[in-house]
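Input: a single structure, listed below in structure tokens.
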Amino acid sequence: MSKIIAVIGATGAQGGSVANEFLKLDGWKVRAITRNASSDKAKALQSQGAEVGATVIFAVTSFFEVLFRVAKGSPNEAAVKEAELAEIIARAASRTSSLEHYIWSTLPSAKAKSNGKLPVPHFDGKAEADEWIKSDLPDLHKKTTYLMVGFYPNNIASIPGLKPVEFPGSRKWIQMLPTPASTMIAVSGDIRVTPGVWTRQIVAKPELTKGKYTSIGPETLSYGRMLAIYGEVTGRQTAFIQISVQDCVKLWGVAGKELADQLAFNECSPRAWESPDYVSKEELEIKDDEWPGLKETLESLKDQL
Ligand SMILES: NC(=O)c1ccc[n+]([C@@H]2O[C@H](COP(=O)([O-])OP(=O)(O)OC[C@H]3O[C@@H](n4cnc5c(N)ncnc54)[C@H](OP(=O)(O)O)[C@@H]3O)[C@@H](O)[C@H]2O)c1
1 MSKIIAVIGA
11 TGAQGGSVAN
21 EFLKLDGWKV
31 RAITRNASSD
41 KAKALQSQGA
51 EVGATVIFAV
61 TSFFEVLFRV
71 AKGSPNEAAV
81 KEAELAEIIA
91 RAASRTSSLE
101 HYIWSTLPSA
111 KAKSNGKLPV
121 PHFDGKAEAD
131 EWIKSDLPDL
141 HKKTTYLMVG
151 FYPNNIASIP
161 GLKPVEFPGS
171 RKWIQMLPTP
181 ASTMIAVSGD
191 IRVTPGVWTR
201 QIVAKPELTK
211 GKYTSIGPET
221 LSYGRMLAIY
231 GEVTGRQTAF
241 IQISVQDCVK
251 LWGVAGKELA
261 DQLAFNECSP
271 RAWESPDYVS
281 KEELEIKDDE
291 WPGLKETLES
301 LKDQL
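Residues 1 to 305 in full-length UniProt numbering are what the sequence shown spells out, letter by letter.
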């Protein structure tokens, strides 16, 4: 009999990658969780079949959807609501009798790692949910792998504040961020691929991964290096321009403030994606040819750059 992985967010980037990977694996069925079963993406997934119950649940919450649709643009309120949402999902998982492994897509606690100085709402709500699982659902914690996800290379093709734009007359493609070009961050590899590969290996190694943290951050790159790679891929001249937090907010509003908070934390804590109870990609036995890095990802997205 096949095992089942239930994927929350299966029509999205992370969950879509997990669903696609497990659809290819022998002995597995995918249960896609969606709010709109009649969307094209949901129909495409449904055509593969579904089962009741789940052996594995992959869970991800969408901070920016909560920010704009529930929290009326207040990041602190969104962090509280995202944590509440994560707790509802975890509670439902804890009541799933067939569940063997819970994979929760989370992020490091910027608040805790910076001693309260550099909170990042889209990190901290998720990290609060980690602590709540550990304290309130200890049996679920024993089945949980906390999967911290790095910066998606794909953001450079899709997020307006990160996508370089040509500055008229300069022949340069500029990226304006409120941080020095030297700020480093863990980068996830192609987000259409890596959450699926990591989840496959996490599930394959339950003794190693249950109750532990791991991260999808096979490359650690500076924002300046990422822009240089963008230049290599596109053949464009680039310029990294550091702007103030106020200018970033002027440009992008509340999303700009969220980006600025994250960059301030990245600047101070480049190794935040690691933790003492951390399982490395080598221990997970993920091979280097299984994760397209930033350059390969941008090459595959060239028509969108
Ligand atoms: N961008 C980055 O570099 C980065 C890095 C690390 C972590 N993250 C985190 O990644 C998360 C987003 O994941 P993603 O990129 O996979 O998002 P995504 O592509 O926007 O997909 C999210 C999916 O979740 C479902 N969904 C949204 N709100 C829901 C709700 N209230 N209840 C149930 N399902 C809901 C949606 O499916 P339906 O509409 O079909 O239900 C959607 O397809 C964010 O919280 C962000 O902080 C992002």
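Glycine residues also receive a C-beta, built at the ideal position from the N, C-alpha and C atoms.
Every value quoted in this text rests on a predicted model; they were computed, and no experiment measured them.
Query	Result
Where D139 and F123 are concerned, what is the direct C-alpha to C-alpha distance, given to the nearest angstrom?	24 angstroms
For the alpha helix (DSSP H) containing Y152, name the first residue and the last one.	Careful: Y152 lies outside any alpha helix (DSSP H) and carries neither H nor E.
Whose CA, out of S62, P292, T55, lies closest to the CA of S97?	T55
What is the DSSP secondary structure of E51, counted as helix, strand or coil?	Note that E51 scores 46 on pLDDT, short of 50, meaning its location in the model is unreliable; the coordinates nonetheless yield the value given after this. In the structure shown, E51 sits in coil (DSSP, three-state: anything other than H, G, I, E or B).
Pick out the complete alpha helix (DSSP H) segments inside the segment 55-136, 4 residues or longer, and give them in chain order.	63-69, 75-94, 110-113, 121-136
Report back the beta-carbon spacing between C248 and A264 to the nearest angstrom; my notes put them in contact at under 8 angstroms.	Actually they are not in contact, since the Cβ atoms of C248 and A264 sit about 11 angstroms apart, beyond 8 angstroms.
Tell me the DSSP secondary structure of L301 in three-state form.	coil
With a Cβ-Cβ cutoff of 7 angstroms, do residue 319 and A71 count as a contact?	The structure shown does not extend to residue 319, since the chain is modelled only from 1 through 305, so no value can be given for it.
Measure the C-alpha to C-alpha separation of R271 and A186 and round it to an integer number of angstroms.	8 angstroms
Keeping to the same chain, check which residues put their C-beta closer than 6 angstroms to that of D130; ignore five residues upstream and five downstream.	T106, Y146
Below 8 angstroms CB to CB, which residues in the same chain sit around S200 once its five sequence neighbours on both sides are set aside?	Looking at the sequence itself, residue 200 is Arg, so the reference to Ser does not match. Cβ within range, chain order: E21, F22, L25.
Is G125 buried or exposed, if buried means 16 or more other CB atoms sit within 10 Å of its CB?	buried
Between W273 and S215, which are expected to be in contact by the criterion C-beta below 8 angstroms, what is the C-beta distance as a whole number of angstroms?	4 angstroms
Under 7 angstroms, do L294 and I243 count as touching if we go by C-beta distance?	no
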